[in-house]
Structure formats: C-alpha cells, structure tokens
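In my numbering, the protein residues as written are 53 to 130.
Even for Gly, the Cβ is constructed at its ideal location relative to N, Cα and C.
From a predicted model like this one, the values you see are computed outputs, not experimental measurements.
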C-alpha cells in the first residue's frame, strides 16, 4: 500500500471554485521524514499526486473532480 504526502497549507478547489480539501503532494511506498504541517497518510495504489486531494473532514483521499464537458450538438445546416 502507498502513502500520500498531504500538504494542508495548499488548498484544492473544485472546478466551480469550491474548496474541497488539501493537496496530495506526493505518493510513495517508502515515506520519509517531513516537517510539519506536512504529514503522511495511507492511500490506495491508484492515487496520484495533484490528481487527488485529501478531505480533512472525512479523512479520505478522493479524485479531483473534472469539469463535465457539455454534449456536442449538431449545428443546424442551411
């Protein structure tokens, strides 16, 4: 299992500007000593830095949501 390095001073925002959590700065299977306020927490093997965030309210790591792409509609032809 991997460990995620959490940076609580670096906030992550949803595509609509809503604060969603703290930055996952790095992931590794061999954590090293870090200075506070950085800390390590266990994470799934598929977690990647800067694509996931740490939710301090639920103590979970979730994928950063991607803005939905509106469906493409055919333009009327003349």
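Inset, instruction - May I ask you to report which of helix, strand or coil DSSP gives residue 112? - result: By one-based count along the chain shown, residue 112 stands at place 60. Residue 112: strand per DSSP, three-state reduction.
Legend entry - Option nearest residue 78 by Cα separation, candidates 119, 93, 111, 123: Indexing the chain shown from 1 puts residue 78 at position 26. The shortest Cα separation from residue 78 among 119, 93, 111, 123 belongs to 93.
Inset, instruction - Locate the beta strand (DSSP E) running through residue 91, then write down its first and last residues. - result: In the chain shown, the residue the question calls residue 91 occupies position 39. From DSSP, the beta strand (DSSP E) with residue 91 extends over 91 to 95.
Inset, instruction - Look up residue 67 in the DSSP assignment and say whether it is helix, strand or coil. - result: Here residue 67 refers to the residue found at position 15 of the chain shown. Here residue 67 sits in coil by DSSP.
Legend entry - Opening and closing residue of the beta strand (DSSP E) in which residue 107 lies: For the purposes of this step, residue 107 is taken as residue 55 along the chain shown, with counting starting at 1. Where residue 107 is concerned, the enclosing beta strand (DSSP E) stretches over 104 to 107.
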